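In our numbering, the protein residues as written are 3 to 326.
Reading through the structure tokens given below for one structure.
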């Protein structure tokens, strides 16, 4: 896809104009009110536009944008909806059933709790999942995430609520205060529950990027490394931190064969799992952790190890049949 049109106009919309479009659209798709959206040039089409103007650009979700592209919804209908949204003081804000009214979000991932983390998950120096407070004037949180299939191939991404990718590659549903994103038929990649006024609970997480894997299983946040011949997962039991720059950081490039050698808890630097490329609570002001679970699976066996941090040093391990 070209980054400019026939007049040399860049696809990039200047920040102030993009902000004006979001305000005019009341932070959601002007047709269905989804808070996950794209920027739509109503008229003229982007290819014919000579400038970006907020009066001629609105927000559409991926599904509604696809309907416009296929001719199922006319540009006139989009124009009318955009103008009605701006005039209607009682227009429904995206997902009006709940209101987040805070600048200090708490995000719960299983038994792991992150208070005010700037980024939840970072893989190889890039943000894989971030949930930030709502933009001023909006109710819905600001979500950034990259969603892939089980092979690590990117399906779609959301960057500060702006969706990009093919509409057929995903499905998002909203029921009450629950938002579910599926990466395929009946395959949930991400599910969160809004708990006003300041908490978001992630109930399902299944994300893969390169050879790094993140998932929620049996209430535990598990960070995995997948190699050709083995899988290695570390689960965090009752981990809690405040003010972290990054909740979970995974470096999958420097360490090809992860093996936990040591655990370091350093103030301001988080909990480093030496030999795995995994750090949690990076830059946190405070943090606590009650234990770890480690699973090492090969084609010959699956070994599980439980390591509590309760002063008893009662480690528990078991050998299970192979699962890969």
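Positions of the beta carbon are idealized from the N, C-alpha and C atoms, including for glycine.
Note that the structure is a prediction, hence the values are computed from the model and not measured.
Nonlocal neighbours in the same chain, by C-beta distance under 6 Å from residue i, ignoring five residues either side
i           : result
residue 181 : 194
residue 93  : 28 and 87
residue 224 : 217, 235 and 237
residue 214 : 125, 252 and 254
residue 134 : 144
residue 266 : 274
residue 1   : Any question about residue 1 goes unanswered here, given that the chain covers just 3 to 326.
residue 204 : 111 and 194
residue 201 : 108
residue 81  : 44
residue 13  : 5
residue 159 : 148 and 166
Beta-ladder partner(s) of residue i, from DSSP
i           : result
residue 74  : Bridge partners of residue 74: none, in fact.
residue 264 : 276
residue 149 : 158
residue 226 : 215 and 235
residue 186 : 189
residue 306 : 297 and 320
residue 339 : Residue 339 lies beyond the range of the chain shown here (3 to 326); nothing can be said about it.
residue 43  : 59
residue 53  : Residue 53 is not bridged to any residue.
residue 134 : 144
residue 194 : 181 and 204
residue 12  : 6
Residue i: first and last residue of the uninterrupted beta strand (DSSP E) it sits in
i           : result
residue 17  : Unbroken run through residue 17 is the alpha helix (DSSP H), 17-26; no beta strand (DSSP E).
residue 160 : 156-161
residue 251 : 248-252
residue 288 : 288-290
Nearest residue (CA-CA) to residue i, options the options
i           : options               : result
residue 7   : 271, 289 and 54       : 54
residue 62  : 43, 48 and 4          : 43
residue 293 : 36, 279, 308 and 118  : 308
residue 1   : 66, 261 and 296       : Residue 1 falls outside the range modelled here, since the chain spans only 3 to 326, and no answer is possible.
residue 264 : 281, 34, 142 and 210  : 281
residue 249 : 229, 260, 96 and 271  : 271
residue 91  : 25, 184 and 160       : 25
residue 140 : 96, 203, 116 and 115  : 96
residue 136 : 117, 106 and 207      : 106
residue 154 : 304, 212 and 228      : 212
residue 161 : 187, 121 and 200      : 121
residue 38  : 146, 219 and 239      : 146
residue 34  : 22, 47 and 69         : 69
residue 21  : 79, 138 and 119       : 138
residue 278 : 262, 286 and 241      : 262
residue 113 : 276, 301, 260 and 241 : 241
residue 197 : 179, 301, 210 and 56  : 179
residue 231 : 77, 303 and 48        : 303
residue 285 : 23, 73, 117 and 306   : 117
residue 84  : 305, 56 and 306       : 56
residue 316 : 295, 260 and 323      : 295
Three-way DSSP call (helix, strand, coil) for residue i in this model
i           : result
residue 208 : strand
residue 85  : helix
residue 299 : strand
residue 129 : strand
residue 121 : strand
residue 64  : helix
residue 200 : coil
residue 282 : strand
residue 32  : coil
residue 166 : strand
residue 79  : helix
residue 255 : coil
residue 69  : helix
residue 48  : helix
Contacts around residue i, its chain only, beta-carbon distance under 8 Å, and the 5 residues preceding and following it disregarded
i          : result
residue 40 : 61, 62, 63, 64, 67, 164, 165 and 166
residue 51 : 7, 9, 11, 43 and 58
residue 77 : 44, 45 and 70
Cβ-based neighbour list, residue i, same chain, cut-off 7 Å, excluding 5 preceding and 5 following
i           : result
residue 288 : 243 and 244
residue 233 : 226, 299 and 326
residue 311 : 291, 292 and 293
residue 123 : 130, 131, 216, 249 and 250
residue 318 : 308
Near the ligand MN: residue i beta-carbon under 7 Å from a heavy atom
i           : result
residue 125 : Although the ligand MN was asked about, the structure shown includes no ligands whatsoever.
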